[in-house]
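>
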């Protein structure tokens with residue numbers, strides 16, 4: 040019987056209990072800028088609790104997911120018979136002040152200046168100030184001058200609430216072609232946006248489900264220059280946006296894994312003080328997957344859909360085509376009151392460098408007169424290749440170059 044019992048143990052080994060530790064204290068090292076409280080609020084445990092190896096690693100990844108660090112490591116240290124958990128970080132550079140001169144994939148030239156300050160006061164807040172002039176190619180908008188200030192406050196006062204503000208002023212030269220009408224206008228647009236969102240979990244990492252609400256005020260002043268009058272007019276638009284989203288994306292510095300999806304309802308009406316009325320629905324899904332054993336080789340994809348009851352000035356609510364929507368197609372090549380876009384990219388490191396990656400991609404989508412008229416014959420597709428360069432020392436800063444070809448008309 041004893042021999043049989045030993046044989047059974049060899050065939051069916053007993054499960055090994057995961058290591059757990061009573062943590063007397065939690066410390067952070069090399070966080071010259073980032074406050075310890077900013078990282079502590081991402082953990083699901085605190086000092087004085089017993090935690091497992093898995094919980095310690097999940098905490099390390101949650102801190103990395105803030106996007107503020109090049110590296111985060113976790114170590115245990117024994118002091119006076121007690122266990123201390125130490126998270127060490129390698130901080131990125133948070134202040135970026137740049138003169139701005141760029142050419143987009145659509146052939147637009149932009150110049151100006153930008154100040155972006157991430158992790159302001161060590162609390163993961165962001166201040167973004169920009170002054171820009173943009174000359175657009177093959178667009179109804181010929182020239183755009185813009186001044187903007189944006190301020191984001193995640194997890195304010197250690198709560199599950201995020202708060203955001205944006206003030207923007209734009210001076211736009213428009214050469215509009217709409218049906219058989221054509222006119223030139225100068226448009227002054229001043230806007231204010233206030234957004235509040237709440238993570239459903241009270242404590243722990245900034246991930247999972249959250250609810251959001253936004254109010255946007257836009258004041259349009261249009262000066263008629265030549266051509267057909269009445270295409271644009273002075274108006275005030277007040278929009279309420281309500282939505283929900285789920286965010287669970289792991290930041291691995293050179294690549295990502297996970298998913299992010301959500302739904303938004305936008306409503307403008309006279310009940311809100313708006314002089315224009317419309318209802319818009321939009322939804323999106325983004326996924327990031329490692330697809331081979333080769334590190335940071337990923338399949339990234341997103342799907343977006345939107346439908347609208349109308350626009351402020353009677354032009355199409357959605358215009359797709361160009362560098363930011365469907366590469367390989369001219370800007371505004373597809374227009375309508377609803378749209379669908381799917382972007383799929385295969386990305387892998389090149390020449391043994393994780394910062395330098397190659398991409399193969401396809402963009403598929405279409406725009407329709409209304410959601411009921413969507414049909415497969417209106418769907419267009421494009422393919423292309425590109426390169427990506429990761430500026431690992433800065434927050435959310437990558438360089439990208441794409442070459443694409445669009446099939447269809």
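Numbering (this note's numbering), first residue to last: 40 to 448. Where is the CB? At the ideal position from N, CA and C, for every residue including glycine. Keep in mind the model is a prediction, meaning the values are calculated, not measured.
1) Measure the alpha-carbon distance for residue 44 versus residue 58 and round it to whole angstroms.
2) The beta strand (DSSP E) spanning residue 387 covers which residue range?
3) Check residue 40 in the structure and name its three-state DSSP category.
4) DSSP on residue 187, reduced to helix/strand/coil?
5) Among the candidates 80, 69 and 145, whose CA atom is the shortest distance from the CA of residue 108?
6) Are the Cβ atoms of residue 187 and residue 205 separated by less than 8 Å?
7) Does DSSP classify residue 103 as helix, strand or coil?
8) Hey, residue 297 and residue 288: beta-carbon distance below 8 Å or not?
9) Give the DSSP bridge partners of residue 152, in chain order.
10) Could you check whether the stretch 166-184 touches the stretch 136-155, counting it as contact only if at least three pairs of C-beta atoms, one from each stretch, sit closer than 8 Å?
11) Assuming residue 86 contacts residue 64 under a Cβ cut-off of 8 Å, what Cβ separation, rounded to an integer in Å, is found between them?
12) Under 7 Å Cβ to Cβ from residue 237, same chain only, skipping five residues before and after it: list those, please.
13) Alpha carbon to alpha carbon, what distance is there between residue 161 and residue 80?
14) Thinking C-alpha only, which one of 385, 399 and 408 is nearest residue 379?
15) Classify residue 160 as helix, strand or coil using the three-state DSSP reduction.
16) With distances taken from CA atoms, which of 103, 264, 392 and 92 is nearest residue 222?
17) Who are the near neighbours of residue 148 in its chain, counting only those whose CB is closer than 6 Å to its CB and skipping five residues on each side?
18) Over the uninterrupted alpha helix (DSSP H) stretch that includes residue 78, give me the two end residues.
19) Out of 241, 239 and 273, which one is the CA nearest neighbour of residue 229?
20) Let me know the secondary structure DSSP gives residue 446 once reduced to three states.
21) Comparing alpha-carbon positions, which option in 434, 373, 374 and 358 lies nearest residue 157?
22) Which same chain residues, not among the five before or five after residue 103, have their C-beta less than 7 Å away from its C-beta?
23) If you drop the 5 nearest sequence neighbours on each side, which residues of the same chain put their C-beta closer than 6 Å to that of residue 319?
24) Grab me the residues of residue 308's own chain with a C-beta within less than 6 Å of its C-beta, minus the 5 sequence neighbours each way, in chain order.
25) Could you check how far apart the C-beta atoms of residue 406 and residue 374 are, in whole angstroms? I think they sit under 8 Å.
26) If you draw a straight line from the alpha carbon of residue 329 to that of residue 106, how long is it in whole angstroms?
27) On the DSSP letters alone, give me the boundaries of the beta strand (DSSP E) that residue 112 sits inside.
28) Might you give, ordered along the chain, the residues of its own chain that have their beta carbon closer than 6 Å to the beta carbon of residue 382, omitting 5 neighbours on each side?
Taking the geometry as given:
1) For residue 44, the predicted structure reports a pLDDT of 42, less than 50, and the residue's modelled location is therefore unreliable. The matter cannot be settled from this model.
2) Run containing residue 387: 377-389, per the beta strand (DSSP E) assignment.
3) The predicted model places residue 40 with a pLDDT of 42, which falls under 50 and marks its position as unreliable, so this point remains unresolved.
4) In this structure, residue 187 counts as strand in the three-state DSSP scheme.
5) It is 69 whose Cα lies nearest to the Cα of residue 108.
6) Yes, the pair counts as a contact, with Cβ atoms nearer than the cut-off.
7) Reduced to three states, the DSSP call for residue 103 is helix.
8) Closer than 8 Å, so yes.
9) Paired residues: 138 and 170.
10) These segments touch.
11) About 5 Å separates the Cβ atoms of residue 86 and residue 64, confirming a contact at the 8 Å cut-off.
12) Result list for residue 237: 199, 200, 249 and 250, in chain order.
13) Here the alpha carbons of residue 161 and residue 80 stand approximately 13 Å from one another.
14) Nearest Cα to residue 379 within the set 385, 399 and 408: 408.
15) Under the three-state reduction of DSSP, residue 160 is assigned to coil, being neither helix nor strand.
16) Comparing Cα positions, the closest option is 264.
17) So the list reads 142 and 174, once near-sequence residues are dropped.
18) Here the alpha helix (DSSP H) through residue 78 covers 75-79.
19) Nearest C-alpha to residue 229: 273.
20) Reduced to three states, the DSSP call for residue 446 is coil.
21) With distances taken between Cα atoms, residue 157 lies closest to 434.
22) Same-chain partners within the cutoff: 111 and 290.
23) Spatial neighbours of residue 319 in its own chain (CB-CB distance under 6 Å, excluding positions within 5 residues in sequence) are listed in chain order as 305 and 347.
24) Excluding residues within five positions, the ones whose Cβ falls inside 6 Å are 316.
25) 5 Å between Cβ atoms; contact.
26) Residue 329 and residue 106: Cα-Cα distance of roughly 19 Å.
27) Run containing residue 112: 108-118, per the beta strand (DSSP E) assignment.
28) For residue 382, where only same-chain residues beyond five positions count, the Cβ hits under 6 Å are 341 and 402.
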